[in-house]
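Residue numbers (full-length UniProt numbering): 1 to 319.
Using N, Cα and C, we set each Cβ at its ideal position, and we do this for glycine too.
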Amino acid sequence: MSNITMTPEAFLQYLKRNVLGDVDFDRIAGMNDDDKQQLMLRQIDNMIGMQPGADALGWYFTKFLDDDGRCQADNPLTDEASTPLSEWLYDMAELGRLLYWHQAFPLELLSPELEYDPFVDEKLNFTIDNEQLVSWLKVVPYRRVAAMVARIMMSTEYDRIQGCNDAMQDYYAEHCPIGDFDAQDEKQADGFVTAVIDALTEMEQHTERGYELGLDDEQIRVVDMLWSWVPHDYPEEYVAAAKDIVKMVEKLLPAKTVIRSRNGFKQFYDTVLPKLKEIIDKYHVPVDTTDYYNLTMGYMREWMYAKYLGGVVLDEFFD
1 MSNITMTPEA
11 FLQYLKRNVL
21 GDVDFDRIAG
31 MNDDDKQQLM
41 LRQIDNMIGM
51 QPGADALGWY
61 FTKFLDDDGR
71 CQADNPLTDE
81 ASTPLSEWLY
91 DMAELGRLLY
101 WHQAFPLELL
111 SPELEYDPFV
121 DEKLNFTIDN
131 EQLVSWLKVV
141 PYRRVAAMVA
151 RIMMSTEYDR
161 IQGCNDAMQD
171 YYAEHCPIGD
181 FDAQDEKQAD
191 GFVTAVIDAL
201 TEMEQHTERG
211 YELGLDDEQI
221 RVVDMLWSWV
231 PHDYPEEYVA
241 AAKDIVKMVE
251 KLLPAKTVIR
261 SRNGFKQFYD
271 TVLPKLKEII
281 DKYHVPVDTT
291 DYYNLTMGYM
301 REWMYAKYLG
311 GVVLDEFFD
């Protein structure tokens with residue numbers, strides 16, 4: 001149904017019939033900012049729960065915003081003078097769009113009590129070390145909204161570790177797969193929030209333990225690859241082997257001026273492999289370097305690809 005044929009009054013009734021049935025529009029103007037924010041979160045939570053895939057929320061915000069987040073030209077409220085009600089409806093559409101697409105945003109949109117750094121990438125405010133946000137997630141009554149926020153945190157973490165720690169990625173995929181929960185189901189949404197907080201906390205503690213042992217991120221990654229799962233207790237022989245492996249690979253990398261190629265990587269890998277076996281045998285780490293399908297060796301190849309290329313692995317490079 002096109003918006004353009006409706007009057008503002010008819011459009012408001014259209015919204016009430018479809019998704020905002022219990023909202024008293026006449027009360028919005030007299031509400032304080034905190035009450036309006038709480039009502040907004042409640043309505044977004046309701047819309048997430050109306051249909052699978054949060055489709056009702058998607059339906060709502062597309063009545064106000066286009067694919068680029070700009071105001072819809074045919075929205076009957078666009079050309080009207082701004083009112084507390086129209087501002088509230090547009091603000092709800094913007095927050096709903098950001099949650100629906102799992103995009104980071106200023107945390108004040110959730111609560112004025114949530115502090116955030118406006119001078120950094122907004123994603124960096126959606127991390128497990130943001131204690132205020134974690135506390136908010138645990139107690140906010142709108143569990144479907146909380147699940148959407150937790151998904152942004154999980155997406156932020158995936159972006160951080162992509163191409164950096166495959167073992168950690170596999171851990172997250174098993175413990176809190178972002179595509180396997182139904183936000184429409186309040187119990188599933190609540191369970192997902194708990195799973196995300198627990199998983200992110202465990203991996204943060206795992207990484208901190210590596211730092212306490214004097215390891216850097218790359219050495220931690222190699223220990224994780226050798227163990228082939230996280231978390232673990234950083235066995236001494238694995239730590240020692242990881243340090244030697246990082247040094248060895250760094251030493252054998254071709255100069256930065258050398259053009260990278262598939263054949264060049266094969267030569268590099270063939271040179272590294274026997275030396276890798278020497279180190280693994282030296283420290284009695286139980287890894288079969290001749291088994292191409294061994295999980296540890298799969299992790300090792302991905303890491304060496306990234307080292308050889310000087311960055312994140314480009315899949316098409318090795319097709």
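Outcome for residue i when other beta-carbon atoms lying within 10 angstroms are tallied against a minimum of 16
i, result
"ILE259", "exposed"
"GLN162", "exposed"
"TYR211", "exposed"
"LYS138", "exposed"
"residue 387", "Nothing about residue 387 can be read from this structure; the chain reaches only from 1 to 319."
"ARG143", "buried"
"ARG17", "exposed"
"ALA10", "exposed"
"TYR116", "buried"
"TYR172", "buried"
"GLY49", "buried"
"TYR299", "buried"
"residue 356", "With the chain covering 1 to 319 only, the question about residue 356 has no answer from this structure."
"THR296", "buried"
Whole-angstrom distance between residue j and residue i, CA atom to CA atom
i, j, result
"LYS247", "GLN169", "24 Å"
"ASP166", "LEU200", "15 Å"
"HIS206", "PHE181", "25 Å"
"LEU114", "GLN38", "14 Å"
"PHE317", "ARG262", "Because PHE317 carries a pLDDT of 47, less than 50, the predicted location of this residue cannot be relied on, and no value is offered for it."
"PRO177", "PHE25", "38 Å"
"VAL149", "THR257", "44 Å"
"TYR283", "ALA241", "6 Å"
"PRO216", "VAL239", "It should be noted that the sequence gives Asp, not Pro, for residue 216. About 11 Å."
"PRO106", "PRO8", "30 Å"
"GLN72", "ASP55", "18 Å"
"ALA306", "ASP233", "26 Å"
"THR62", "ARG97", "8 Å"
"MET31", "GLU174", "44 Å"
"THR290", "TRP229", "20 Å"
"LEU226", "LEU273", "14 Å"
"LEU276", "VAL285", "11 Å"
"GLN51", "PHE192", "18 Å"
Residue of the options minimising C-alpha distance to residue i
i, options, result
"GLY94", "MET40, LEU133, GLU218 and PRO141", "Looking at the sequence shown, residue 94 is not Gly but Glu. Nearest of MET40, LEU133, GLU218 and PRO141 to GLU94, Cα basis: MET40."
"LEU109", "ASP33, SER135 and ASN130", "ASP33"
"PHE265", "TYR308, LEU252, SER228 and VAL249", "TYR308"
"ARG301", "MET154, PHE25 and PHE268", "PHE268"
"LYS187", "ILE161, GLN219 and VAL145", "VAL145"
"ASP121", "ASP281, ASP159 and TYR234", "ASP159"
"PHE126", "ILE28, THR156, LYS277 and PHE64", "THR156"
"GLN183", "ALA147, PHE64, GLY214 and TRP303", "Contrary to the premise, residue 183 reads as Ala rather than Gln in this sequence. Considering only alpha carbons, the answer is ALA147."
"ASN46", "MET154, ALA240, ALA189 and ASP216", "ALA189"
"TRP88", "THR257, ALA56, TRP59 and ASP35", "ASP35"
"SER140", "SER111, LEU85, GLU237 and ASP74", "Here the sequence assigns Val to residue 140, which means Ser is not the residue at that position. Among SER111, LEU85, GLU237 and ASP74, the Cα nearest to that of VAL140 belongs to SER111."
"GLY58", "ASP74, VAL23, HIS102 and ASP22", "HIS102"
"ASP185", "LEU15, GLY53 and TYR14", "GLY53"
Distance between beta carbons of residue j and residue i, contact taken as under 8 Å
i, j, result
"MET6", "PRO76", "5 Å"
"ILE128", "GLU250", "30 Å between Cβ atoms; not a contact."
"PRO235", "GLU202", "Actually they are not in contact, since the Cβ atoms of PRO235 and GLU202 sit about 18 Å apart, beyond 8 Å."
"LEU20", "GLN43", "6 Å"
"ILE28", "ALA104", "About 27 Å; that fails the 8 Å criterion."
"PHE64", "TYR90", "6 Å"
"VAL287", "ILE279", "Not confirmed; about 10 Å, so no contact."
"THR271", "LEU252", "6 Å"
CB contact check: residue i to chain D, cutoff 8 Å
i, result
"PRO177", "Among the chains in the structure shown there is no chain D, since it carries only a single protein chain."
| Contact between the segment 183 to 198 and the segment 61 to 73: three or more CB pairs below 8 Å? | Between the segment 183 to 198 and the segment 61 to 73 there are fewer than three C-beta pairs closer than 8 Å, too few to call the two in contact.
| message | Three Cβ pairs or more, each shorter than 8 Å: is that satisfied between the segment 146 to 166 and the segment 211 to 226? | response | Segment contact: the segment 146 to 166 against the segment 211 to 226, three or more CB-CB distances shorter than 8 Å; contact assigned.
| request: Count the CB pairs spanning the segment 74 to 89 and the segment 133 to 144 that are closer than 8 Å, and state whether there are at least three. | output: Short answer: they don't touch.
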